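Asker: Numbering (our numbering), first residue to last: 14 to 605. If you scroll down you'll find the structure; I have some questions about it.
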Amino acid sequence: MKLSYVLVYRRFLLVILSVLVFLPLPLVLHSKEAECAYILFIVAIFWITEALPLSVTALLPGLMFPLFGIMPSTQVASAYFKDFHLLLIGVICLATSIEKWNLHKRIALRMVMMVGVNPVWLTLGFMSSTAFLSMWLSNTSTAAMVMPIVEAVAQQIINAEAEAEATQMTYLNESAIHGLEADETAIGPETNEKTEKMKPIPGNDAVETSSKMDTEKNSVTGTKYRTVKDHMMCKLMCLSVAYSSTIGGLTTITGTSTNLIFNEHFNSRYPDCRCLNFGSWFLFSFPLAIILLFLSWIWLQWLFLGFNFKEMFKCGKTKTVKEKACADVIKQEYEKLGPMRYQEIVTLVIFITMALLWFSRDPGFIPGWTQLFSEYPGFVTDSTVALITGLLFFLIPAKILTKTTSTGEIVAFDYSPLITWKEFQSFMPWDIAILVGGGFALADGCQVSGLSIWIGNKLSPLGSLPLWLIILISSLIVTSLTEVASNPATITILLPILSPLAEAIHVNPLRILLPSTLCTSFAFLLPVANPPNAIVFSYGHLKVIDMVKAGLGVNILGVAVVMLAIFTWIEPMFDLSTYPHWAPEIVNQTMP
Numbered sequence: 014m015k016l017s018y019v020l021v022y023r024r025f026l027l028v029i030l031s032v033l034v035f036l037p038l039p040l041v042l043h044s045k046e047a048e049c050a051y052i053l054f055i056v057a058i059f060w061i062t063e064a065l066p067l068s069v070t071a072l073l074p075g076l077m078f079p080l081f082g083i084m085p086s087t088q089v090a091s092a093y094f095k096d097f098h099l100l101l102i103g104v105i106c107l108a109t110s111i112e113k114w115n116l117h118k119r120i121a122l123r124m125v126m127m128v129g130v131n132p133v134w135l136t137l138g139f140m141s142s143t144a145f146l147s148m149w150l151s152n153t154s155t156a157a158m159v160m161p162i163v164e165a166v167a168q169q170i171i172n173a174e175a176e177a178e179a180t181q182m183t184y185l186n187e188s189a190i191h192g193l194e195a196d197e198t199a200i201g202p203e204t205n206e207k208t209e210k211m212k213p214i215p216g217n218d219a220v221e222t223s224s225k226m227d228t229e230k231n232s233v234t235g236t237k238y239r240t241v242k243d244h245m246m247c248k249l250m251c252l253s254v255a256y257s258s259t260i261g262g263l264t265t266i267t268g269t270s271t272n273l274i275f276n277e278h279f280n281s282r283y284p285d286c287r288c289l290n291f292g293s294w295f296l297f298s299f300p301l302a303i304i305l306l307f308l309s310w311i312w313l314q315w316l317f318l319g320f321n322f323k324e325m326f327k328c329g330k331t332k333t334v335k336e337k338a339c340a341d342v343i344k345q346e347y348e349k350l351g352p353m354r355y356q357e358i359v360t361l362v363i364f365i366t367m368a369l370l371w372f373s374r375d376p377g378f379i380p381g382w383t384q385l386f387s388e389y390p391g392f393v394t395d396s397t398v399a400l401i402t403g404l405l406f407f408l409i410p411a412k413i414l415t416k417t418t419s420t421g422e423i424v425a426f427d428y429s430p431l432i433t434w435k436e437f438q439s440f441m442p443w444d445i446a447i448l449v450g451g452g453f454a455l456a457d458g459c460q461v462s463g464l465s466i467w468i469g470n471k472l473s474p475l476g477s478l479p480l481w482l483i484i485l486i487s488s489l490i491v492t493s494l495t496e497v498a499s500n501p502a503t504i505t506i507l508l509p510i511l512s513p514l515a516e517a518i519h520v521n522p523l524r525i526l527l528p529s530t531l532c533t534s535f536a537f538l539l540p541v542a543n544p545p546n547a548i549v550f551s552y553g554h555l556k557v558i559d560m561v562k563a564g565l566g567v568n569i570l571g572v573a574v575v576m577l578a579i580f581t582w583i584e585p586m587f588d589l590s591t592y593p594h595w596a597p598e599i600v601n602q603t604m605p
């Protein structure tokens, strides 16, 4: 009974114990670095264990920094709303309009139709469309949108195969009956009587074969799979959606919250760099994502269905019943959308305009349009573009609102914009906004208190290790931690530690921070590791061991591709081989 009470109140007890266990740190050492370290430990434990909601924990720096005299309340509060939040608001305006008018569904279905209906290529088509959508939408909403389509296609393939087998069995039985009738007329009733005794029950072989293969049930619906191959196909399609939604988010700064957190932290800590923007991020991350997506597709295909090269590259052959059924489902889903509407066209135009403005703002190899504002260098950022286009969604009319007068006449009295404020609020992830703000406040506190410099000095002996080993170790630590903690919390905890590490060993900070940031998204192992994993797991086709086996391979591939990228095409892009002028020189400092 006592143990049950402990389990019931475990989060409350964890909060109390964490506060008390680390309390000697500020009481004994009496320094700002120790006080900030105490706050950092408390926040990190709460984030990892989720003893308190992540957003609530993110408010603790706003409470504790003023109490410990590290930063005044007004200064801490200013960290909770930065350029990142303006960028996030603009992006969410776009995502709201895309999902409201079903543009995302049209894009996904069209891309799948372009790839074809061969199961191997169909999986690649779903992965490509999911990755493309997650470049602009949140990974969670992308997975939630694509999975119903994938489930419908998978079920239609299974049903079509069952119908084809039933039809084939009926045809064989009819042929056998006609053959027996012919034998009866030719040989006579006696021989026919013996034949009837030997003839198996129609369909019995099929039932027997099917029962041998029906080894598992769907954990949600309780229905049995016809064959092991059907079950494996469902697993493959589910995991392909989960993993591609995460991989696609790597390609843009706005693709995941971890990218945005890193961008804001980096620009705040190194304001003189100005080397990271939407265009430069896309240039180095897009090849990385393409390689990882392709390798993940090969790995998942081999793991669950194996590779049949004849089937993959068959040309001019007639489509199978399964392929025809799959094509019919996708076509029907697309036709349900009807012709492209005015609202979808306007949203698509704004979407393309936003992307072009981001790319051309400061591409690097040619002057960008920010040269028009050369009098104010650095004033215009990606958030400026996001806000301009975001405001258009509240301004451009979507449809006319009418009302009926007392005389029965229908008159127009107003118009409805592409999105409303209420719709925007329902999409806006305020919890992430507060979480990120808390991370910025924590980073500012580490810098003001001197804790960042102290950590850097303590980590400086790591400079004796080979650089590739340092990057590999940090990437593996991040990849492991993000499996049990949320991605935003992981990157928020580690950035204030990894930045001083790079400065202490006199290495370009980007060389360590970029791989760690990208690896923060590699939460592929567990259903609880990130929302897309949880969404596909809820359909009942997967077991935890399936995700562990598949996710471990994708994790290894991800870290390997990141290591390859950082030492090949990323290195000359940002001149990673030299210590930059915009990074500070570390002066040795000890904690009292």
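A virtual CB, placed ideally from N, CA and C, is assigned to each residue, including glycine. Note that the structure is a prediction, hence the values are computed from the model and not measured.
#1: Nearest to ILE311 by alpha carbon, out of PHE407, TRP134, LEU514, ILE548?
#2: Taking the CB atoms as reference points, tell me whether THR505 and LEU455 lie closer together than 8 Å.
#3: Give me the Cβ distance between MET576 and LEU475, rounded to the nearest whole Å; I'm assuming they're in contact under 8 Å.
#4: What is the rounded straight-line gap between the Cα of ALA57 and the Cα of ILE525?
#5: Can the beta-carbon of ILE343 be found less than 8 Å from the beta-carbon of MET126?
#6: Going by DSSP in three states, LEU555 sits in which element: helix, strand or coil?
#7: Of the residues PRO545, SER512, MET586, ILE490, which one's Cα is nearest the Cα of PHE279?
#8: When you compare each of LEU101, SER110, ILE61 to LEU405 by their alpha carbons, which one comes out closest?
#9: Quick check: what's the CA-CA separation for ASP588 versus PHE299?
#10: In the DSSP assignment, find the unbroken beta strand (DSSP E) run with SER429 in it and report its ends.
#11: Exposed or buried, which one is VAL255 when buried takes at least 16 other CB atoms within 10 Å?
#12: Compute every distance between the C-beta of ALA156 and the non-hydrogen atoms of the ligand NAP, then say whether any falls below 7 Å.
#13: Tell whether a beta-carbon distance below 8 Å holds between LEU431 and LYS118.
#14: Work out the CA separation of PRO522 and PHE437 for me, nearest whole Å.
#15: For GLN384, count neighbouring Cβ atoms within 10 angstroms of its own Cβ and tell me buried if that reaches 16, exposed if not.
#16: Would you say TYR93 and GLY82 are within 8 Å of each other, going by their C-beta atoms?
#17: In chain order, what residues of the same chain lie with their CB nearer than 6 Å to the CB of GLY262, ignoring the 5 residues before and after it?
#18: For ASN500, I'd like the list of residues in its chain whose CB is within less than 8 Å of its CB, leaving aside the five on either flank, ordered along the chain.
#19: Pick helix, strand or coil for THR505, following the three-state DSSP scheme.
#20: Identify which residue in TRP114, VAL561, ILE447 has its Cα closest to the Cα of VAL69.
#21: Taking the C-alpha atoms as reference points, what is the distance between ASN546 and SER419?
#22: Answer with buried or exposed for PRO132, where buried requires no fewer than 16 other C-beta atoms within 10 angstroms of its C-beta.
#23: Assuming TRP481 and GLU46 make a contact with CB atoms under 8 Å, what is their CB distance in whole Å?
#24: According to the neighbour-count rule (16 or more other Cβ atoms, all chains shown, within 10 Å of its Cβ), is TYR238 buried or exposed?
#25: Does LEU414 come out as helix, strand or coil in the three-state DSSP assignment?
#26: So, GLU277 versus LYS95, is the Cβ gap smaller than 8 Å?
#27: Could you tell me which of GLY450, ASP395, ILE304, PRO390 sits nearest to ILE274, measuring between CA atoms?
#28: Distance check for GLU598 and TYR592, CA to CA, integer angstroms please.
#29: From what residue to what residue does the alpha helix (DSSP H) around THR136 run?
#30: Going by beta carbon distance, what residues of the same chain come within less than 7 Å of TYR552, once the five residues before and after it are set aside?
#31: Buried or exposed for ALA425, going by 16 or more other Cβ atoms inside 10 Å?
#32: For PHE297, which residues from the same chain have a beta carbon less than 6 Å from its beta carbon, with the 5 sequence-adjacent residues on both sides left out?
#33: List, from N- to C-terminal side, the alpha helix (DSSP H) runs of 4 residues or more that fit wholly inside the stretch 19 to 47.
#34: If you run the structure through DSSP and keep just helix, strand and coil, what is TYR51?
#35: Alpha helix (DSSP H) containing LEU263: first to last residue?
#36: What separation, rounded to the nearest whole angstrom, lies between the Cα atoms of LEU116 and GLU357?
Answerer: The relevant details are as follows:
#1: TRP134
#2: yes
#3: The Cβ separation is near 17 Å, so there is no contact.
#4: 21 Å
#5: yes
#6: LEU555 falls in the coil class under three-state DSSP.
#7: The candidate whose alpha carbon is nearest that of PHE279 is SER512.
#8: SER110
#9: Cα atoms of ASP588 and PHE299: separation of roughly 19 Å, rounded to the nearest angstrom.
#10: 423 to 430
#11: Note on residue identity: the sequence assigns Ala, not Val, to residue 255. With 16 or more other Cβ atoms within 10 Å, it is buried.
#12: By its list of ligands, the structure shown contains no ligand whatsoever, and the ligand NAP lies outside what it can speak to.
#13: The beta carbons of LEU431 and LYS118 sit no closer together than 8 Å.
#14: 36 Å
#15: So GLN384 ends up on the exposed side.
#16: no
#17: SER147, ASN152, GLY268, THR269, listed in sequence order.
#18: THR269, SER270, THR271, THR533, SER534, ALA536, ASN543
#19: THR505: helix per DSSP, three-state reduction.
#20: ILE447
#21: Using only the alpha carbons, I get a separation of about 55 Å.
#22: buried
#23: The Cβ separation is near 31 Å, so there is no contact.
#24: buried
#25: Secondary structure at LEU414: strand, using DSSP grouped into helix, strand and coil.
#26: yes
#27: Among GLY450, ASP395, ILE304, PRO390, the Cα nearest to that of ILE274 belongs to GLY450.
#28: About 10 Å.
#29: 132 to 147
#30: A distance below 7 Å between beta-carbons, with the five flanking residues on each side excluded, links TYR552 to the following residues of its chain, in chain order: MET160, GLU164, VAL233, CYS251.
#31: It counts as exposed.
#32: ILE583, MET586
#33: 23 to 34, 37 to 42
#34: Reduced to three states, the DSSP call for TYR51 is helix.
#35: Careful: LEU263 lies outside any alpha helix (DSSP H) and carries neither H nor E.
#36: 6 Å
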